[in-house]
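Read in this note's numbering, the sequence shown has 17 at position 23, and its numbers run on one by one without any break.
We put the beta carbon where it would ideally sit given N, CA and C, even for glycine.
What you are looking at is a predicted structure, and each value in this text was computed from that prediction instead of being measured.
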Amino acid sequence: MGAASEMIKAVIFDLDDTLTSEREFIKSGYRHVAGLISNKMKLDSMFIYNMLMRLFAESPKNVFNRLYDQLGIPYTQEDIVELVEAYRNHDPDIHFYDDVIPCLEDLKKRGIKTGIITDGYRCTQRNKLRALNAYAYFDHIIVTDELGRDYWKPNPRPFELIRAFISNNGEIDIRYEEMIYVGDNPEKDFYISAIYPIRTVRIIRDGIYKNNEYLNSIKENMTIANLNELIIILLHG
């Protein structure tokens, strides 16, 4: 990023597999659902949980249907919807990656604004944010689903809104070229740089979307292995 890195005034983050592990959330959700099925069917919850994880590893599609099929349990579509809702709406047992809080504390010391733009079902994402106590660390958070499904990334509207908010609607001049967006998903996290001059940084976690194709071949400006490297970039360019 060169000497221009000194001009960075805001760092905005993706949530899933950038700040917290989506696999950790999946495990939490399946533990919750396994408990519900265990109580209802009088089956061992760990047995159900292990089956769910194995089925997910084979394919993330129709996991609950396939579980009931393998167990020989008759079900209706309403039964599946009930499990899906329980999974999405449960209070997750998740944590920030170890490098997140030190990074955020360093950014705050430098007077750099921070935010989150995250896709996903609104209730699910808000539950994650509460579980992480994210509101204590970020200047603004946008759950794109609250704007409408059409406003999920790569739609630029969430970036426009967060820029306006962290600029206090014009009281502070934060331009797009003074913003960084850190994400992990090639399919949607880096395309914003084709619309606005926001610098994009890809963090390589063990994420579930890491092998996705780049949207219109638009790639990140930089790649990092952890958020400590982000601080180094901001310090030294």
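Residue range of the beta strand (DSSP E) that includes residue i
i           : result
residue 216 : 216 to 218
Residue environment, residue i, which counts as buried when at least 16 other CB atoms sit within 10 Å
i           : result
residue 10  : buried
residue 112 : buried
residue 173 : buried
residue 138 : buried
residue 200 : exposed
residue 45  : buried
residue 34  : exposed
residue 55  : exposed
residue 177 : buried
residue 179 : buried
residue 8   : buried
Distance between residue j and residue i (C-alpha atoms, nearest Å)
i           : j           : result
residue 126 : residue 92  : 12 Å
residue 42  : residue 36  : 11 Å
residue 49  : residue 209 : 29 Å
residue -4  : residue 18  : Unreliable positioning characterises residue -4 in this predicted model, as indicated by a pLDDT of 46, which lies under 50. A coordinate reading is not provided.
residue 80  : residue 74  : 10 Å
residue 223 : residue 58  : 39 Å
residue 82  : residue 71  : 16 Å
residue 192 : residue 140 : 23 Å
residue 198 : residue 169 : 27 Å
residue 225 : residue 128 : 20 Å
Among the options, the one whose alpha carbon lies nearest that of residue i
i           : options           : result
residue 194 : 202, 185, 200     : 185
residue 136 : 119, 31, 75       : 119
residue 132 : 148, 100, 73, 215 : 100
residue 20  : 64, 88, 222, 65   : 88
residue 156 : 108, 206, 148, 2  : 108
residue 106 : 219, 221, 6       : 6
residue 40  : 224, 24, 182, 121 : 24
residue 47  : 130, 179, 26      : 26
residue 102 : 220, 211, 3       : 3
residue 219 : 77, 196, 203      : 196
residue 22  : 86, 64, 65        : 86
Delimiting residues of the alpha helix (DSSP H) encompassing residue i
i           : result
residue 118 : 116 to 126
residue 4   : Element bounds for residue 4: not the alpha helix (DSSP H) but the beta strand (DSSP E), 4 to 7.
At least 3 beta-carbon pairs within less than 8 Å: the stretch 103 to 117 vs the stretch 149 to 166: In short, these stretches touch, since the Cβ pair count reaches three.
At least 3 beta-carbon pairs within less than 8 Å: the stretch 85 to 102 vs the stretch 10 to 29: Segment contact: the stretch 85 to 102 against the stretch 10 to 29, three or more CB-CB distances shorter than 8 Å; contact assigned.
Sufficient close CB pairs (3 or more, under 8 Å) joining the stretch 215 to 224 to the stretch 20 to 30: Touching, no, given that fewer than three Cβ pairs across the two stretches are closer than 8 Å.
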